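A.B. asks:
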Amino acid sequence: MGILDEFDLSGQAAIITGAGTGLGREMALSLADAGCDIVGVGRRPEPIESVGDEIRSRGRRYFGIPGGDVTSSTRVNEIVAEAIQEMGRITLIINNAGLGGTGRGKTLPELTDEDWHSGIESNLYSAFYCSRAIIPHYLDNGGGRVINVTSGWGYRGGRNNFMYPIAKGGVIQLTKALAMTYARDNIRASCIAPGLFPKTDDEAMLEQLGSRQPAGRIGFMPEMGPLAVFLASTASDYLSGETILMDGGSIAAGLTPAGIIPQSES
Ligand SMILES: NC(=O)c1ccc[n+]([C@@H]2O[C@H](COP(=O)([O-])OP(=O)(O)OC[C@H]3O[C@@H](n4cnc5c(N)ncnc54)[C@H](OP(=O)(O)O)[C@@H]3O)[C@@H](O)[C@H]2O)c1
95 MGILDEFDLS GQAAIITGAG TGLGREMALS LADAGCDIVG VGRRPEPIES
145 VGDEIRSRGR RYFGIPGGDV TSSTRVNEIV AEAIQEMGRI TLIINNAGLG
195 GTGRGKTLPE LTDEDWHSGI ESNLYSAFYC SRAIIPHYLD NGGGRVINVT
245 SGWGYRGGRN NFMYPIAKGG VIQLTKALAM TYARDNIRAS CIAPGLFPKT
295 DDEAMLEQLG SRQPAGRIGF MPEMGPLAVF LASTASDYLS GETILMDGGS
345 IAAGLTPAGI IPQSES
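For what it's worth, my numbering labels the leading residue of the sequence shown as 95, then goes sequentially.
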């Protein structure tokens, strides 16, 4: 077996939340390129159907679950049951769905209970519910993998930015708890921390955002796919509990994201 064979995901099936857009879509396409069948979950039908067309055109099986709100534990249990029924066995779940910006810019006293619940439920409850729902299936079937998606914000605080960093920090801890608890059950948990992968096509804005990063550029969405393939593959069999930053060195540099950009270069 050659080294590249270790990245072959043939025979695997992955549930990906938020698979229809952005990073979730890119990870879904890369996993499919590596041979993995995909269950795409999201609330809106159009993105979930659209990514499905691309995955099927790559020769992979695809099952879309629109109307899949992962902030509802009842719905998450249904989603996982439907996915298992359709695919037979699930070997990976990527807890990617998330919502940035809730209540951002408000001072602490201005934040409402709704802001708090929205930010924490969409980014942390969702990953907890999905992990809890899939683990019994993994235990019954010889193991599986969880990939959580956090953020650079999971590592540090920001000015007047509460729910997102709190929830994303929790996602890092959830990853460690899963890894420790199920280390002897062939269940691996890892976490991806993206840096700045903007969705805008505004060239001037991308240039400006990139110039603030240590790498001098922003991250490009397709760059996330190969990392997901690695974490899904046997090449990472001994990797668990760890969060991998893909941020062009931003957190290492301590500059961004912070809400306050230091002026000094030194
Ligand atoms: N892009 C970045 O720079 C960046 C940086 C750090 C971390 N991240 C993290 O990366 C992940 C993906 O973000 P993205 O940038 O690719 O943004 P995105 O395109 O907005 O992706 C979020 C996806 O999650 C789905 N979603 C949101 N809430 C959901 C819910 N309650 N139930 C089911 N699906 C839900 C959305 O689809 P529907 O609205 O149709 O449900 C959407 O497809 C997020 O966890 C985000 O926090 C992104």
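Beta carbons are placed, not taken as given, at the ideal position from N, Cα and C, and that holds for glycine. Computed from a predicted model, the values in this text were never measured in an experiment.
Tell me whether Pro284 counts as near ligand 1, meaning its Cβ is closer than 7 Å to at least one heavy atom of that ligand.
C.D. replies: Looking at the sequence itself, residue 284 is Ser, so the reference to Pro does not match. Checking every heavy atom of ligand 1 against the Cβ of Ser284, none is found closer than 7 Å.
A.B. asks: Nearest to Ile56 by alpha carbon, out of Gly238, Asp234, Gly195, Gly304?
C.D. replies: The first residue shown for the chain is 95 and the last is 360, placing residue 56 beyond what the model contains.
A.B. asks: Starting from Ala287 and walking both ways along the beta strand (DSSP E), at which residues does that stretch end?
C.D. replies: Start and end: 281-288.
A.B. asks: Grab me the residues of Thr201's own chain with a C-beta within less than 8 Å of its C-beta, minus the 5 sequence neighbours each way, in chain order.
C.D. replies: Counting only Cβ-Cβ distances below 8 Å, and skipping sequence neighbours, we find Asn254.
A.B. asks: Do you know whose CA, among Pro320, Gly246, Pro160, lies nearest Gly134's CA?
C.D. replies: Measuring from the Cα of Gly134, the nearest candidate turns out to be Pro160.
A.B. asks: How about Asn171: is its Cβ closer than 7 Å to a heavy atom in ligand 1?
C.D. replies: For ligand 1, not one heavy atom lies less than 7 Å from the Cβ of Asn171.
A.B. asks: Could you have a look at Met299 and say whether DSSP puts it in helix, strand or coil?
C.D. replies: Reduced to three states, the DSSP call for Met299 is helix.
A.B. asks: With 16 as the cutoff for other CB atoms within 10 Å, does Asp207 come out buried or exposed?
C.D. replies: Answer is exposed; the Cβ neighbour count stays below 16.
A.B. asks: Could you give the DSSP three-state label for Tyr232: helix, strand or coil?
C.D. replies: Helix at Tyr232.
A.B. asks: Bridge partners for Tyr156 per DSSP, in chain order?
C.D. replies: Tyr156 is bridged to Ile132.
A.B. asks: Name the DSSP beta bridge partners of Arg239, please?
C.D. replies: Per DSSP, Leu186, Arg282.
A.B. asks: Residue range of the beta strand (DSSP E) that Leu339 falls in?
C.D. replies: From DSSP, the beta strand (DSSP E) with Leu339 extends over 337-340.
A.B. asks: In chain order, what residues of the same chain have a beta carbon less than 7 Å from the beta carbon of Leu303, not counting five sequence neighbours either side?
C.D. replies: For Leu303, where only same-chain residues beyond five positions count, the Cβ hits under 7 Å are Leu290, Pro292, Ile312.
A.B. asks: Is Pro356 buried or exposed, if buried means 16 or more other CB atoms sit within 10 Å of its CB?
C.D. replies: At Pro356, the pLDDT of 49 sits below 50, so the modelled position is not reliable; the number obtained from the coordinates is stated separately. It counts as exposed.
A.B. asks: At 4 residues or longer, what runs of the alpha helix (DSSP H) sit wholly inside the region 158-227?
C.D. replies: Counting only runs of 4 or more, we get 167-181, 207-214.
A.B. asks: Terminal residues of the continuous beta strand (DSSP E) containing Ile110?
C.D. replies: Unbroken beta strand (DSSP E) run through Ile110: 107-111.
A.B. asks: For Tyr223 and Leu272, what's the separation of their Cα atoms in angstroms?
C.D. replies: Answer to the nearest angstrom: the Cα atoms are 12 Å apart.
A.B. asks: Please name the residue in Gly114, Ala108, Met121, Gly129 whose C-alpha comes closest to that of Met98.
C.D. replies: Sequence check: residue 98 is Leu here, not Met. Leu98 has its Cα closest to that of Gly129, out of Gly114, Ala108, Met121, Gly129.
A.B. asks: Looking at Gly114: is its Cβ nearer than 8 Å to the Cβ of Val145?
C.D. replies: Yes, the pair counts as a contact, with Cβ atoms nearer than the cut-off.
A.B. asks: For Asp363, which option in Leu186, Val170, Met95 has the closest C-alpha, if you only look at C-alpha atoms?
C.D. replies: In the structure as shown, the chain begins at 95 and stops at 360. Residue 363 is therefore absent and cannot be evaluated.
A.B. asks: Run through DSSP, which three-state label would Glu359 get?
C.D. replies: Confidence at Glu359 is low in this model, with a pLDDT of 48, below 50, so its placement is unreliable and no value can be given for it.
A.B. asks: Report all residues from its chain with a CB closer than 8 Å to the CB of Ser358; omit the five preceding and five following residues, and keep chain order.
C.D. replies: Low local confidence applies: a pLDDT of 46 at Ser358 is under 50, so the model's placement there is unreliable, with the coordinate-based value given in what follows. Closer than 8 Å at the Cβ level, and outside the excluded window around Ser358, lies no residue.
A.B. asks: Starting from Ile345, trace the alpha helix (DSSP H) both ways and give me its first and last residue.
C.D. replies: Per DSSP, Ile345 belongs to the alpha helix (DSSP H) from 344-347.
A.B. asks: Cα separation between Phe101 and Gly238?
C.D. replies: Straight-line Cα distance between these residues: approximately 16 Å.
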